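Protein chains in written order, with this note's numbering: chain A, 1 to 334; chain B, 1001 to 1335; chain C, 2001 to 2523. A virtual CB, placed ideally from N, CA and C, is assigned to each residue, including glycine. Bear in mind that the values here come from a model prediction, so they are computed numbers and not experimental data.
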Amino acid sequence: MSVEVIAEGKDKRVRSNFLKKIPQVYYFLVIVLAGGLILDQFFASGNILSNPTILRNILVRSVALGIVAVGQTFVMIGASIDLSVAYTISLTSVMASLIMQGDPARVPMALGIVLLVGVAVGFINGLLVTKLNVNAFIATLGTGLIIKGVLNGMFSSGSMGSVPKGFQTLGYGSIGPVPYSIILLLAVVLIGWFILSWTKFGSHLYGVGGDILIGRLSGLRTSRVLIIAHIISSLTAVLAGLFIVSRLGAGAPWVGPDGVYDLESVATTVIGGTALSGGRGGVFGTIAGVMIFGVIDTVFNQLGVDTYLKMVIRGAIIILAVASYSVRSKREAA
Amino acid sequence: MTTSVNNPAADKGATFFEIVWEWIRKIPPVYPIFIAVAFGVSQLNPNFATANGLMAFVRRAAPLIILAMGQLFVLASGGFDLSQGSVVTLTIIGSSLIIYNNEEYTYVAIAIMIGLGIVIGLVNGFVVAYLKVPSLIATLGMLLLVKGGGLYWTGGAPKGYLSEAYRFIGRGFFENVPVIGRFPASGIVLLVVGAILVILFHKTNLGKQILAIGDNAQAAKLSGVKVKQIRMIAFMISSVCAIIGGILLGGYGGTSYTAGGDMEMQSVSAAVIGGVLLLGGKGSVYDVAFGALTLEAMVSLLNLLGLPKPYRDAVQGLIIIAAVAYAGLRMKKRD
Amino acid sequence: MTKDQNKAIIPMIEVHNINKAFPGVQALDNVSVKFMPGEVHAVVGENGAGKSTLMKIMAGAYKPDSGDIFFQGEEIQLNHPVQAQDLGVAIIYQEFNLLPERTVAQNIFLGREPSKLGVISPPQLNKQTEDVLEDLGVENMINPTALVSTLSVAEQQLVEIAKAVSLNAKVLIMDEPTASLTNTEVNLLFDLVATLKNKGLAVIFISHRLSEVFGIADSITVLKDGQIVGTKDISNVNTEDVVYMMVGRTLDHYFPPLGTEEDFGEIILRVKDGANDFLSNINLDLRKGEILGIAGLQGSGRTELAQALFGAVPFSSGEIELMGKTIAIKNPYSAIRRKMGFVTEDRKSEGLALMQPIRDNMLLAIRSLQNLFSFIHPDGIRASRSMVPDLGEQVDVRVESYGNQAQDLSGGNQQKVVLSKWLASGAEVFLFDEPTRGIDVEAKARIHDIIRGLTKSGVAVLMVSSELPEIIGMSDRILVMHEGTIGGELPPASSEADIMLVATGQQNGNGKAKSAANDGGIK
Chain A
1 MSVEVIAEGK DKRVRSNFLK KIPQVYYFLV IVLAGGLILD QFFASGNILS NPTILRNILV
61 RSVALGIVAV GQTFVMIGAS IDLSVAYTIS LTSVMASLIM QGDPARVPMA LGIVLLVGVA
121 VGFINGLLVT KLNVNAFIAT LGTGLIIKGV LNGMFSSGSM GSVPKGFQTL GYGSIGPVPY
181 SIILLLAVVL IGWFILSWTK FGSHLYGVGG DILIGRLSGL RTSRVLIIAH IISSLTAVLA
241 GLFIVSRLGA GAPWVGPDGV YDLESVATTV IGGTALSGGR GGVFGTIAGV MIFGVIDTVF
301 NQLGVDTYLK MVIRGAIIIL AVASYSVRSK REAA
Chain B
1001 MTTSVNNPAA DKGATFFEIV WEWIRKIPPV YPIFIAVAFG VSQLNPNFAT ANGLMAFVRR
1061 AAPLIILAMG QLFVLASGGF DLSQGSVVTL TIIGSSLIIY NNEEYTYVAI AIMIGLGIVI
1121 GLVNGFVVAY LKVPSLIATL GMLLLVKGGG LYWTGGAPKG YLSEAYRFIG RGFFENVPVI
1181 GRFPASGIVL LVVGAILVIL FHKTNLGKQI LAIGDNAQAA KLSGVKVKQI RMIAFMISSV
1241 CAIIGGILLG GYGGTSYTAG GDMEMQSVSA AVIGGVLLLG GKGSVYDVAF GALTLEAMVS
1301 LLNLLGLPKP YRDAVQGLII IAAVAYAGLR MKKRD
Chain C
2001 MTKDQNKAII PMIEVHNINK AFPGVQALDN VSVKFMPGEV HAVVGENGAG KSTLMKIMAG
2061 AYKPDSGDIF FQGEEIQLNH PVQAQDLGVA IIYQEFNLLP ERTVAQNIFL GREPSKLGVI
2121 SPPQLNKQTE DVLEDLGVEN MINPTALVST LSVAEQQLVE IAKAVSLNAK VLIMDEPTAS
2181 LTNTEVNLLF DLVATLKNKG LAVIFISHRL SEVFGIADSI TVLKDGQIVG TKDISNVNTE
2241 DVVYMMVGRT LDHYFPPLGT EEDFGEIILR VKDGANDFLS NINLDLRKGE ILGIAGLQGS
2301 GRTELAQALF GAVPFSSGEI ELMGKTIAIK NPYSAIRRKM GFVTEDRKSE GLALMQPIRD
2361 NMLLAIRSLQ NLFSFIHPDG IRASRSMVPD LGEQVDVRVE SYGNQAQDLS GGNQQKVVLS
2421 KWLASGAEVF LFDEPTRGID VEAKARIHDI IRGLTKSGVA VLMVSSELPE IIGMSDRILV
2481 MHEGTIGGEL PPASSEADIM LVATGQQNGN GKAKSAANDG GIK
């Protein structure tokens, strides 16, 4: 073992205490919440974050991004990436509303088909990355573009069909004070957490992402693991698409790219503590990252801060957050 | 074009055909592909093969070519610049606002924009080299900063106009040129910028050291290469190219909020088609320029084939996957 | 167990007439060894003696060119490391195969997690891990839920061993297991090894530290240049015997003559009390025209010394004087600017940009000294445009074309290219780390000639090497590193035994044996 690592190992032992064990993203979340509360007091007399409607809005806004980010977390733990999610979301919304045509009886069929499509997209992404050895950035960018092209080509005009009222309850309805959408998000997060932390697949995914050679030496089926991760990512994109279309009433090709779901899901995942290089991270950190953005967005919205300034702040946060994680690393970043 | 002059077959006293075949094998795939596509276009649109048609094509393709050449510098050093598209948008809407139809502000606007480009590139480079943030994330953050900043600055609504002088750069022609008739102004810009970049990348230390960094940053560092500074310069070049591309695009298409769009993805695609390796260490300005030309020619071809604009995305997606898969297979064969 | 009883027992694993060649070098030459169950068997020998190769063959990572492997008496073919693992051969490399971001339990049972319908039961996982740790007697030292990245090197090693044991290893191979451990940790490791031995495993370990070997091993096999020198019961030999077995060979080539007093000039480089995290008390002088050889065991700080001089891993205290002027070398650029060059240990990962043309690799250092925006000349610099072919001739590199990629070259030619890089930048102080590792005999000789030729023109050379013939054949003076500091200085043409004795801490370079109290080793 190189002598450098001994020094690092000893260092780490000395520094590791309880506080250091909490992932940094939660500190950020606390800071952001605190900041939000302060701004709230000064500029809005504390009306923002104490208002249940507004709080609920924070969550609902974050649902679509949160669902997709969970999927992105999976592939990123596997040291891969999925840039096709935005277009998968669009595709789902368009297909769902076209198939349903406002008819509740057709909902199950529509759901079945879009889920199958999601599996297919994820499967193709996974194959490209594992069997053809195409860099995941390009592979998923490519499939995304293909979907974009086909979608815009076939559906740029004319009726997009519509989603039946009943289905829209997913987007707007609630059980008591809790919206269905939040339940959906919670379900996705919990299932994601369960898979990652409690199943063999999850354990293998961390192995493959952490060091694919170690994975192979341990007898893991590395290709299969990655393909499944990509399928999961695409399925979450499908779910997000279904949620979005339930709120919009009808699908459209621009919903995915408009929300910048691809890059934002990557950003929130990285802020949440998942490394681009794979092997570590988890869904709770990612959701914390999503929440950070959600709180900032909502508080600034209520305060009337310009939309575009919010974008600027978002960009700055991404850079600063990740910089604070990386500064200690000895690697040269590219 | 290929730079090496070695041809083992010639030394071994091979037959004429074998020598020629060795040369052919060394040609980067982007050239035959471009020729094939261009040929297809000219068949469907005879106008394309005329001087006029070609010049119109150059005018249209110039912005992307410049962006792609700038992106090359970052890719070759092993990074990504995802902020190019929003920098283009910033250029266009920012220039509109500064000029506000006053001709005399044309050059002021251009100077300010180029200055902004240098600053943006500097920040990108600093964050990546000194703060050690992966370039994917760093330039993603910058994308949002620039997009938000630009839109905020202009208030989010179309404001201002670009002056005639400004627009001439992007859409004007020089008339009465011998032989070819008209030559686009953007073509001149393209040639000048292209020449500078070719010199920087292929003829100066900078290019060689960028390639060394992308190939093996540790070995480069141990050989005295100033890795951090050079990474910063690469990002600065990429951003300045995005600014210049934006000036051309603004002239060509007018003030628009979506002009920049996802041009960074297209510039990466162009580079990939031009044979750039995404992890760094390999690339050529010429090949990348032709990668961009190929993309643009593909657009024309699809148009002529009656496939509406959106399908070009699908084809682009297929092409970049094929390009990287091919490059991957080619590298495997070496072992 | 007496020897007679041993004979009746089948070896756990046995290799028979194994041969393995790599381009330019015969790594193993007709090697046959038996490794018995319930025994600790040390394999010693110099760098390049073939120890690692032999281990890798037994672990299924390499295939032998010819020869047989027997496992518990049955002949086997190993095609893949996983196959060896399944059989019960576990190997622990110096670079651990652990996932730092996962827990001890998760690492040990990766791929074999206890589960029902795909769902892991953490209590069971942790319990299984506890059981394994208990088996080894280390359950109080390691928490199954601890992240591997928070463990010390010694603890990580325990995890690796636990993993091997949980895979029902019958053969445990350890490559330099004590290289990074403190004395206490080494003792703990040996207790563990004793436990494993009592369970009937065949424990094989490669080590350079002879005092440790004598502390724990039952038998010892000495390899030299790919051949077995002998396999002995530990009770029948002592340290000096082993040292003499490891060394003393007929040279495969002749070294150029050593320098004489007239060749040596003034002191060009001087270090006073240099120290950092890995080195202490470094005091040395380097004269123009001489080759200063740096010997020592693995982990003694040889490479770190060169790295410190070059600014790759700088000194944190102490002084460096170049031509009498005190300077600071905090990064490679400042060293290169002052006309130093460093031919590193691993040319592929640190010395070459493999995808770039050979000519660009040769010119990499000198170009970094020039203005970033100055025009390049394909084969040289403005002052000297045909530098590349000239350099190529000077180092005798054989290429089809200088435009080929560096990765197309053989090891010897690659090393020559790295060397030419520093000739191009006009280095006056050359640092070498393992200059001829993995290189065929002919290229080796050529490189040695070139290095000596450099000194004739006044260049100062500091050469780190683990190949004793090279140290002896090339060095005008020899410094022997020991545990991060200079153990002693030896005159030119010292014997291999002399060097090894200082390197292993038996002597301190003044010819005096260390008393037991002074001995830095174990037991």
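Open item on the list: Contact defined as beta carbons within less than 8 Å: I believe aspartate 1262 of chain B pairs with glycine 1085 of chain B. What is the distance between those atoms, to the nearest angstrom?
Closed with: Sequence index remark: in the second sequence, residue 1262 of chain B carries index 262 (1-based). Sequence index remark: in the second sequence, residue 1085 of chain B carries index 85 (1-based). Indeed, because the Cβ distance is near 5 Å, the residues count as touching under 8 Å.
TODO: Pull up the distance between the alpha-carbon of aspartate 2004 of chain C and that of asparagine 2238 of chain C, whole angstroms please.
DONE: Taking the third sequence and counting its residues from 1, the one referred to as residue 2004 of chain C is at position 4. Taking the third sequence and counting its residues from 1, the one referred to as residue 2238 of chain C is at position 238. The predicted model places aspartate 2004 of chain C with a pLDDT of 49, which falls under 50 and marks its position as unreliable, so this point remains unresolved.
Task: DSSP-derived helix/strand/coil call for leucine 2201 of chain C - done: On the third sequence, residue 2201 of chain C is found 201 positions in, with the first residue counted as 1. Reduced to three states, the DSSP call for leucine 2201 of chain C is coil.
Task: Chain-ordered chain A contacts of aspartate 1215 of chain B [CB-CB under 7 Å] - done: To locate residue 1215 of chain B, count along the second sequence from 1; it is residue 215. Result: empty, since nearest Cβ-Cβ is about 12 Å, beyond 7 Å.
Task: Other residues of its chain near isoleucine 2069 of chain C: CB distance less than 6 Å, five sequence neighbours each side excluded - done: Along the third sequence, read from residue 1 onward, the residue named residue 2069 of chain C stands at position 69. Taken in chain order, the residues that qualify are Val2015 and Ile2076.
- [ ] Report yes if the CB atom of alanine 69 of chain A is closer than 7 Å to the CB atom of threonine 199 of chain A, and no otherwise.
- [x] Translated into the one-based positions of the first sequence, residue 69 of chain A becomes position 69. Translated into the one-based positions of the first sequence, residue 199 of chain A becomes position 199. Taking 7 Å as the Cβ cut-off, alanine 69 of chain A and threonine 199 of chain A do not qualify as a contacting pair.
Task: tyrosine 1107 of chain B classed as buried or exposed, judged by whether at least 16 other C-beta atoms fall within 10 angstroms - done: As a working mapping, residue 1107 of chain B is identified with position 107 in the second sequence. Exposed: under 16 other Cβ atoms inside 10 Å.
Open item on the list: For the alpha helix (DSSP H) containing serine 233 of chain A, name the first residue and the last one.
Closed with: Translated into positions along the first sequence, residue 233 of chain A becomes position 233. Unbroken alpha helix (DSSP H) run through serine 233 of chain A: 222-248.
Task: Same chain, Cβ closer than 8 Å to serine 2052 of chain C, neighbours up to 5 away in sequence not counted - done: What you label residue 2052 of chain C is simply residue 52 of the third sequence in a count that begins at 1. Correct list, in chain order: Asp2175 and Ile2206.
- [ ] Classify asparagine 125 of chain A as buried or exposed, calling it buried when 16 or more other Cβ atoms lie within 10 Å of its own Cβ.
- [x] To locate residue 125 of chain A, count along the first sequence from 1; it is residue 125. Asparagine 125 of chain A should be labelled buried.
- [ ] Look up aspartate 2025 of chain C in the DSSP assignment and give the residues it is bridged to.
- [x] Your numbering for residue 2025 of chain C matches position 25 in the third sequence. Checking the sequence shown, residue 2025 of chain C turns out to be valine, not aspartate. DSSP output for valine 2025 of chain C lists C:Phe2022 as bridge partner(s).
Open item on the list: Going by C-alpha to C-alpha distance, which of C:Lys2416, C:Val2441, C:Leu2297 and C:Leu2372 sits closest to glycine 2351 of chain C?
Closed with: Numbered from its first residue, the third sequence carries residue 2351 of chain C at position 351. Of C:Lys2416, C:Val2441, C:Leu2297 and C:Leu2372, the residue nearest in Cα terms is C:Lys2416.
Task: As assigned by DSSP and simplified to three states, the class of leucine 2372 of chain C - done: Locating residue 2372 of chain C in the third sequence gives position 372, counting from the first residue. Correct three-state label for leucine 2372 of chain C: coil.
Task: Three-state secondary structure (DSSP) of alanine 2295 of chain C - done: In the third sequence, the residue the question calls residue 2295 of chain C occupies position 295. In the structure shown, alanine 2295 of chain C sits in a strand (DSSP, three-state: E or B).
TODO: Please classify lysine 2523 of chain C: is it buried, with 16 or more other beta-carbons within 10 angstroms of its beta-carbon, or exposed?
DONE: By 1-based counting over the third sequence, the position of residue 2523 of chain C is 523. Any reading at lysine 2523 of chain C must be qualified, since the residue scores a pLDDT of 32, below 50, and its modelled position is unreliable; no value is offered.
Task: Limits of the unbroken beta strand (DSSP E) element including isoleucine 2499 of chain C - done: Numbered from its first residue, the third sequence carries residue 2499 of chain C at position 499. Isoleucine 2499 of chain C -> not in any beta strand (DSSP E); alpha helix (DSSP H) instead, spanning 2496-2503.
Open item on the list: Can you pull the chain B neighbours of phenylalanine 2375 of chain C, defined as C-beta to C-beta under 9 Å?
Closed with: Counted from its first residue, the third sequence places residue 2375 of chain C at position 375. Under the 9 Å cutoff, chain B gives Ile1199, Lys1203, Thr1204 and Asn1205.
- [ ] Pull up the distance between the alpha-carbon of phenylalanine 284 of chain A and that of glycine 2392 of chain C, whole angstroms please.
- [x] Position 284 of the first sequence, counted from the start, is the residue given in the question as residue 284 of chain A. Position 392 of the third sequence, counted from the start, is the residue given in the question as residue 2392 of chain C. Computed Cα separation, rounded: 58 Å.
Open item on the list: Let me check understanding here. Comparing Cα to Cα, which of C:Ser2410, C:Ser2425 and C:Ala2295 lies closest to aspartate 2433 of chain C?
Closed with: Position 433 of the third sequence, counting from 1, holds the residue named residue 2433 of chain C. When only C-alpha atoms are compared, the closest one is C:Ala2295.
TODO: Could you tell me if threonine 2184 of chain C is buried or exposed, where buried requires 16 or more neighbouring beta carbons within 10 angstroms of its beta carbon?
DONE: Residue 2184 of chain C sits at position 184 when you count from the first residue of the third sequence. By the 10 Å Cβ count, threonine 2184 of chain C comes out exposed.
Task: DSSP-derived helix/strand/coil call for lysine 2116 of chain C - done: Here residue 2116 of chain C is taken as the residue at index 116 of the third sequence, counted from 1. Lysine 2116 of chain C falls in the strand class under three-state DSSP.
- [ ] Kindly give me the distance between the Cβ atoms of valine 2104 of chain C and valine 2159 of chain C, rounded to whole angstroms, as I take these residues to be in contact under 8 Å.
- [x] On the third sequence, residue 2104 of chain C is found 104 positions in, with the first residue counted as 1. On the third sequence, residue 2159 of chain C is found 159 positions in, with the first residue counted as 1. Contact holds; Cβ gap of about 5 Å.
Open item on the list: So for arginine 1182 of chain B, helix, strand or coil by DSSP?
Closed with: Walking along the second sequence from the start, residue 1182 of chain B turns up at place 182. Of the three classes helix, strand and coil, the one that applies to arginine 1182 of chain B here is strand, per DSSP.
Open item on the list: Is it buried or exposed, asparagine 2518 of chain C, if we count other Cβ atoms within 10 angstroms and call 16 or more buried?
Closed with: By 1-based counting over the third sequence, the position of residue 2518 of chain C is 518. Unreliable positioning characterises asparagine 2518 of chain C in this predicted model, as indicated by a pLDDT of 39, which lies under 50. A coordinate reading is not provided.
Open item on the list: Please return the same chain residues whose Cβ sits closer than 7 Å to the Cβ of glycine 2265 of chain C, not counting the five positions on each side in sequence.
Closed with: In the third sequence, residue 2265 of chain C corresponds to position 265, counting from 1. In its chain, beyond the 5 residues on either side, Arg2287, Lys2288, Gly2289 and Gly2458 have a beta carbon closer than 7 Å to the beta carbon of glycine 2265 of chain C.
TODO: For the segment 2260-2274 of chain C, enumerate the residues whose C-beta is nearer than 8 Å to any C-beta of chain A, in chain order.
DONE: Contact annotation: in the segment 2260-2274 of chain C, no residue has its CB less than 8 Å from a CB in chain A.
TODO: Tell me, please, whether the CB atom of proline 2081 of chain C is closer than 7 Å to any CB atom in chain A?
DONE: In the third sequence, counting from the first residue as 1, residue 2081 of chain C sits at position 81. Answer yes: the Cβ-Cβ gap between proline 2081 of chain C and chain A drops below 7 Å somewhere.
Task: Contact with chain C by leucine 1191 of chain B, beta-carbon distance below 7 Å - done: Taking the first residue of the second sequence as 1, we reach residue 1191 of chain B at position 191. No, because no Cβ of chain C sits closer than 7 Å to the Cβ of leucine 1191 of chain B.
Open item on the list: Using only the alpha-carbon positions, how far apart do glycine 1291 of chain B and methionine 1069 of chain B sit?
Closed with: In the second sequence, counting from the first residue as 1, residue 1291 of chain B sits at position 291. In the second sequence, counting from the first residue as 1, residue 1069 of chain B sits at position 69. The straight-line gap from Cα to Cα measures roughly 10 Å.
Open item on the list: Taking a contact to mean a Cβ-Cβ separation below 7 Å, would you say isoleucine 58 of chain A touches glycine 294 of chain A in this structure?
Closed with: Within the first sequence, the letter at position 58 stands for residue 58 of chain A. Within the first sequence, the letter at position 294 stands for residue 294 of chain A. Contact check for isoleucine 58 of chain A against glycine 294 of chain A passes: the beta carbons are separated by less than 7 Å.
Open item on the list: For a test of the three-state rule: what should DSSP assign to alanine 7 of chain A, helix, strand or coil?
Closed with: Taking the first residue of the first sequence as 1, we reach residue 7 of chain A at position 7. At alanine 7 of chain A, the pLDDT of 35 sits below 50, so the modelled position is not reliable and the matter cannot be decided from this model.
- [ ] Report the residues of the segment 1309-1323 of chain B with a CB closer than 9 Å to any CB of chain A, ordered along the chain.
- [x] Lys1309, Pro1310, Tyr1311, Arg1312, Asp1313, Ala1314, Val1315, Gln1316, Gly1317, Leu1318, Ile1319, Ile1320, Ile1321, Ala1322 and Ala1323
TODO: Determine the contact status of methionine 100 of chain A and valine 150 of chain A, defining contact as a CB-CB distance below 7 Å.
DONE: Counted from its first residue, the first sequence places residue 100 of chain A at position 100. Counted from its first residue, the first sequence places residue 150 of chain A at position 150. In this structure, valine 150 of chain A does not lie closer than 7 Å to methionine 100 of chain A by Cβ.
Task: Identity of the residues DSSP links to glutamine 2405 of chain C by a beta bridge - done: As a working mapping, residue 2405 of chain C is identified with position 405 in the third sequence. Beta-bridge pairing links glutamine 2405 of chain C to C:Pro2357.
Open item on the list: Here's the rule: buried if 16 or more other CB atoms are within 10 angstroms of the residue's CB, otherwise exposed. What is valine 2557 of chain C?
Closed with: The first residue shown for chain C is 2001 and the last is 2523, placing residue 2557 of chain C beyond what the model contains.
Task: Closer than 7 Å to chain B by CB, serine 2368 of chain C - done: To locate residue 2368 of chain C, count along the third sequence from 1; it is residue 368. Interface flag for serine 2368 of chain C against chain B is set, since a Cβ pair is found closer than 7 Å.
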